[in-house]
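Shown next, in structure tokens, is the structure this report addresses.
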Amino acid sequence: MTVHLVNPSNVSFGTAVITPRWLYVLAGATPAALGEPHLVDETLERSDPTTFMPGDVVGIGIHTSNALRGYQVGRAARDRGAYVVFGGIHASLYPDEAHELGGAHSVVTGDGEDVWATVLEDCRGGAPAKVYDGGKVRGDRFVPARWDLLPRDRYMWASVQTVRGCPKHCSFCSVWRTDGRQPRTRSADAVVREVVELRRRGFRFIALADDNFYPVTLQDLERAKRRTDPQRFEELAAVREERFELMRGLARLPEDLVFFTQVKMEAAEDPEFLEAMRRARIVGALVGVESVAPEGLQAIRKDFNLVGEALAERLQRFRAHGLHVLGSFIFGLPTDRRETFEATLDLATRADLTFAQFVTLTPFPGTVDFARWEASLKGHEPHVQGVPVTRHWLIPDEHRPKLYSPHPTMSPQEIRRHTQDVWDRFYSIGQVWRRSRCVRSVRSRLAFVIISKLYRQMYANTGISTDSARVNRAARWARWLARPCRRLFAARPMPELQMPA
Ligand code: SF4
Numbered sequence: 102m103t104v105h106l107v108n109p110s111n112v113s114f115g116t117a118v119i120t121p122r123w124l125y126v127l128a129g130a131t132p133a134a135l136g137e138p139h140l141v142d143e144t145l146e147r148s149d150p151t152t153f154m155p156g157d158v159v160g161i162g163i164h165t166s167n168a169l170r171g172y173q174v175g176r177a178a179r180d181r182g183a184y185v186v187f188g189g190i191h192a193s194l195y196p197d198e199a200h201e202l203g204g205a206h207s208v209v210t211g212d213g214e215d216v217w218a219t220v221l222e223d224c225r226g227g228a229p230a231k232v233y234d235g236g237k238v239r240g241d242r243f244v245p246a247r248w249d250l251l252p253r254d255r256y257m258w259a260s261v262q263t264v265r266g267c268p269k270h271c272s273f274c275s276v277w278r279t280d281g282r283q284p285r286t287r288s289a290d291a292v293v294r295e296v297v298e299l300r301r302r303g304f305r306f307i308a309l310a311d312d313n314f315y316p317v318t319l320q321d322l323e324r325a326k327r328r329t330d331p332q333r334f335e336e337l338a339a340v341r342e343e344r345f346e347l348m349r350g351l352a353r354l355p356e357d358l359v360f361f362t363q364v365k366m367e368a369a370e371d372p373e374f375l376e377a378m379r380r381a382r383i384v385g386a387l388v389g390v391e392s393v394a395p396e397g398l399q400a401i402r403k404d405f406n407l408v409g410e411a412l413a414e415r416l417q418r419f420r421a422h423g424l425h426v427l428g429s430f431i432f433g434l435p436t437d438r439r440e441t442f443e444a445t446l447d448l449a450t451r452a453d454l455t456f457a458q459f460v461t462l463t464p465f466p467g468t469v470d471f472a473r474w475e476a477s478l479k480g481h482e483p484h485v486q487g488v489p490v491t492r493h494w495l496i497p498d499e500h501r502p503k504l505y506s507p508h509p510t511m512s513p514q515e516i517r518r519h520t521q522d523v524w525d526r527f528y529s530i531g532q533v534w535r536r537s538r539c540v541r542s543v544r545s546r547l548a549f550v551i552i553s554k555l556y557r558q559m560y561a562n563t564g565i566s567t568d569s570a571r572v573n574r575a576a577r578w579a580r581w582l583a584r585p586c587r588r589l590f591a592a593r594p595m596p597e598l599q600m601p602a
């Protein structure tokens with residue numbers, strides 16, 4: 102019996118930006134007695150169904166965007182006589198769907214690492230259960246990834262997780278509902294050990310793939326302090342201290358390491374935290390700005406973000422501490438107007454953002470927005486290709502609408518066109534060259550230009566474009582650009598590197 106783990110994707114680039122961490126973690130949770138698992142990341146190349154044999158187990162991890170492709174892989178594996186097991190956020194939310202459409206024998210809901218060995222044992226015994234509840238695994242039980250199984254020279258960045266869960270409750274995000282609101286942190290030692298292993302293998306760029314690397318804000322601490330019961334304050338203070346301990350550990354690693362993560366904007370108000378990030382060489386972070394208008398932020402329950410000049414200044418503060426920001430913006434909020442696109446582009450330029458992404462509002466299952474939207478359409482959902490739009494991930498890619506909620510003042514085409522225009526202008530060669538001043542040498546500036554262009558090809562043109570010729574062209578470009586790009590990120594392996602004292 103061979104264990105196959107498949108990360109489904111519709112587009113394969115041959116080279117990928119970030120390692121899909123779950124594949125290597127679940128490989129780590131696979132008992133050695135069952136042999137080496139066979140890992141397939143379809144962002145590199147398609148899986149080959151002829152490799153699935155009767156009695157094998159095929160584990161498929163899905164999120165909403167790749168669920169449909171995951172179901173194709175599942176059905177192909179079942180037809181070949183293999184046991185099919187689904188996991189991941191989407192399968193946790195819709196276990197029945199994986200059974201109905203993906204040929205699943207079993208679905209694992211929640212975290213996979215604790216329950217995976219039982220699932221495999223049951224498959225070997227010929228009696229897998231329909232559903233396994235993996236629950237929320239404690240931080241000290243997160244399984245280290247099997248980086249020894251990585252294919253050579255295919256990824257630009259490795260990924261390490263340090264915390265799961267987020268105490269905030271943004272209405273467009275499912276993290277706080279699926280991963281919980283209590284941050285579950287991993288010990289600094291465990292994280293540092295994994296980073297050392299990756300550096301030994303020649304990775305110097307590492308994404309700290311957390312939902313929120315800054316889970317406790319100064320305001321959270323202030324609020325907890327005012328409570329009569331000190332327990333909450335003590336819990337939050339402990340989580341904060343663990344973050345500092347981790348960053349002290351990272352700071353002791355080789356100086357050529359570079360980290361990237363995700364933080365909330367409130368981190369800009371915490372100079373002590375930003376300084377610790379700088380010392381740990383966390384040089385970049387994705388920051389969810391979402392909207393530049395107060396009404397927009399209120400609409401998505403993210404009114405803890407700032408707007409206008411204060412917003413630009415807050416974002417600039419990250420740069421003052423040496424942190425490059427990838428700002429993330431959402432278009433299509435009911436409060437957006439035509440002027441919003443220009444205002445957002447202007448803000449992104451003034452706020453010294455190094456990169457930016459502009460996404461259109463999509464109600465993702467597991468979020469408050471989705472539940473509200475689904476309820477509002479109940480009984481009269483429009484259908485596309487026979488699929489109700491409230492199951493939009495089941496509509497084939499080429500027919501899938503790019504926007505789902507009617508907007509009070511703009512048509513979906515208008516929103517999509519303006520969004521594309523903002524991408525085009527933010528990533529125009531002139532703007533990219535101007536931003537490339539954030540690095541010093543001409544070689545680094547050229548590398549910055551290539552990476553900016555690649556980012557745009559991979560995420561904008563293949564994501565929001567409705568023009569299939571443009572999507573195909575972008576995928577070809579991305580494939581072509583990705584190879585030389587990867588070399589820019591590679592480093593000489595350091596097999597002799599020791600854990601810091
Ligand atoms: S968007 Fe970020 S801050 Fe908001 S709930 Fe999700 S992870 Fe937390």
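Read in order, the letters of the sequence shown are residues 102 to 602 in the working numbering.
Ideal Cβ placement from N, Cα and C applies to all residues, glycine included.
Boundaries of the alpha helix (DSSP H) around Q532: 530-536. Relative to the ligand SF4, even the nearest heavy atom lies 6 angstroms or more away from the CB of D470. As computed with DSSP, I383 is found in a beta bridge with F360. At least one heavy atom of the ligand SF4 falls within 6 angstroms of the beta-carbon of C274. Residue burial annotation: D447 is exposed, with fewer than 16 other C-beta atoms found within 10 angstroms of its C-beta. Secondary structure of R265 (DSSP, three-state): strand. D330 and E336 have their C-alpha atoms some 11 angstroms from each other. For Q521, the three-state secondary structure derived from DSSP is helix.
S272 and G433 have their C-alpha atoms spaced approximately 15 angstroms apart. As the crow flies, the alpha-carbon of P372 is around 16 angstroms from that of R349. Counting the other CB atoms within 10 Å of its CB gives P316 a total of 16 or more, which places it among the buried residues. DSSP links A133 through a beta bridge to no other residue. Here I530 is exposed. Its C-beta has fewer than 16 other C-beta atoms within 10 Å.
Relative to T510, the option among Y528, G389, R438 whose CA is nearest is R438.
In the same chain as V550, and ignoring 5 residues on each side of it, the C-beta atoms closer than 8 angstroms to its own belong to I530, V533, W534, S537, in chain order.
Boundaries of the alpha helix (DSSP H) around I190: 190-194. Residues F153, V159, V185 of the same chain have their beta carbon placed closer than 6 angstroms to that of A178, with the five preceding and five following residues left out of the count. In the three-state reduction of the DSSP assignment, S429 falls in the strand class. Beyond the five residues adjoining it in sequence on each side, L124 comes within less than 7 angstroms, by CB distance, of L106, N108, L140, D142 in the same chain, given in chain order. In the displayed model, V297 falls within a helix according to three-state DSSP. Residue pairing by DSSP leaves D157 without any beta bridge partner. Boundaries of the beta strand (DSSP E) around F456: 456-461. By the CB criterion at 7 angstroms, F345 and A377 fall inside the cutoff. At the C-beta level, S288 and F465 stay beyond 7 angstroms of one another. Beta-bridge pairing by DSSP links Y184 to V158. G115 is not a Cβ neighbour of R557, given a cutoff of 7 angstroms. Shown here for L351: same chain residues with a beta carbon closer than 6 angstroms to its own, the five before and five after excluded, namely A381 in chain order. The closest heavy atom of the ligand SF4 lies less than 6 angstroms from the beta carbon of D312. Of the candidates W524, V488, L221, L221 places its Cα closest to the Cα of V104.
Taken through DSSP and simplified to helix, strand or coil, F334 comes out as helix.
The residues L202, G203, in chain order, have a CB closer than 6 angstroms to that of Y172 in the same chain once the five nearest residues on each side in sequence are set aside.
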